[in-house]
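First residue of the sequence shown? That's 513 in the numbering used here, and the numbers climb one at a time after it. Yeah, the Cβ is synthetic: ideal placement off N, Cα and C, and Gly gets one too.
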Amino acid sequence: MQGQAGKKNNSQDTYYTTGAGAGDKSLKITPKNLFRHELLGLSVEAHYLNHVFWGKVVAETRNMVTILTDDNKIKHLPKQLTNFIFKLPDGREAKLSGLQIVGRPYERIKMKRLKRPW
513 MQGQAGKKNN SQDTYYTTGA GAGDKSLKIT PKNLFRHELL GLSVEAHYLN
563 HVFWGKVVAE TRNMVTILTD DNKIKHLPKQ LTNFIFKLPD GREAKLSGLQ
613 IVGRPYERIK MKRLKRPW
């Protein structure tokens, strides 16, 4: 089951996804490589200005993330001004600045992580 998107490998109890720029390989979603994976369907806590939104990512464009909130409202949030805490399928949480995920999802999958001097 390792090569199927969104399937859990029962023997190793880890979650794998395709589409992380790995060709035919599947990669485990971790907080370190989350920015290279598809975000759709992940639970998220989004901090935008002085507001906090909880829900699931339902759409993503170059500069916007669309969240279906827990009270069934659609929120369009600009990536550049938002900080995200994603809940991964294995239960861990990953914090990302929106600046790390700016760009089209299919282009972001191909790019390498920017090295920060700090």
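The alpha-carbon of V564 is positioned some 12 Å away from that of I579.
For a cut-off of 8 Å, the C-beta gap from G615 to R548 is around 11 Å, too long to register as a contact.
Counting the other Cβ atoms within 10 Å of the Cβ of R604 gives fewer than 16, which makes it exposed. Secondary structure of E619 (DSSP, three-state): helix. For G610, the number of other beta carbons within 10 angstroms of its own is at least 16, and it is reported as buried.
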